[in-house]
Amino acid sequence: MSSPRLKIGRVSSPGNIYTVTTITAARRPLFQRAANAQVIIAGMRQCEVEQRLETLAYVVMPEHLHWMFELKADSLCGCVQAFKSRTAIATNAVMKTTGTVWQPGYYDHRLRSDEDLRIQARYLIDNPIRRGLVEAVDQYPFWACKWIANRQDLA
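Quick note on the working numbering: the sequence shown kicks off at -6 and runs consecutively.
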């Protein structure tokens, strides 16, 4: 969904697991720069520190972010809005620029209880492979997954 609001009739609530994709303005590849990608990773960690959510998996692609998390507090919209605001300010500071970092809105999917989270997470972190950026996940620097602690877990 491309709106910052949930579709009519849908409700976000703590305990639900979501995947969220958000894209840079004009699809600029801002996050191919390591310093900018680290800003995004720090922004996700800050959401955890604030106990808004628990990150399960993510991959920071050059022009977008895929993020799987369990919502702990707040609303989905509130979490994503706070994250995007914070990371836009920080990204502009790192780049010594001003301007829009993110496209308005985001795409979200609430995972059902019968969906295998590990399969969904693996699909998410395999994005750099499908895109042709790397041949193996461990060659890409900007990802994490709760269920993958070392190389053997990637098999």
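Ideal Cβ placement from N, Cα and C applies to all residues, glycine included.
Opening and closing residue of the beta strand (DSSP E) in which residue i lies
i: Ile10; result: 10 to 16
i: Arg103; result: 100 to 104
i: Met61; result: 57 to 64
Distance, residue j Cα to residue i Cα
i: Trp95; j: Met88; result: 14 Å
i: Leu58; j: Tyr100; result: 10 Å
i: Arg111; j: Trp140; result: 7 Å
i: Tyr51; j: Thr93; result: 22 Å
i: Met54; j: Gly125; result: 12 Å
i: Val130; j: Ser6; result: 32 Å
i: Thr90; j: Gln74; result: 21 Å
i: Ala81; j: Phe24; result: 12 Å
i: Trp60; j: Gln39; result: 14 Å
i: Arg79; j: Asp109; result: 31 Å
Buried or exposed by the 16-neighbour rule on C-beta atoms within 10 Å, applied to residue i
i: Trp136; result: buried
i: Arg45; result: buried
i: Val13; result: buried
i: Ala19; result: exposed
i: Gly36; result: buried
i: Val32; result: buried
i: Ala28; result: exposed
i: Val42; result: exposed
i: Ala30; result: buried
i: Pro121; result: buried
i: Tyr11; result: buried
Segment limits, alpha helix (DSSP H) that includes residue i
i: Glu41; result: 27 to 42
i: Tyr116; result: 110 to 118
i: Thr80; result: 69 to 88
Residue i - partner residues in DSSP beta bridges
i: Trp95; result: Thr17
i: Glu47; result: Glu63
**Request:** Please determine if the region 19 to 31 and the region 113 to 121 are in contact, where contact requires at least 3 C-beta pairs separated by less than 8 Å.
**Result:** no
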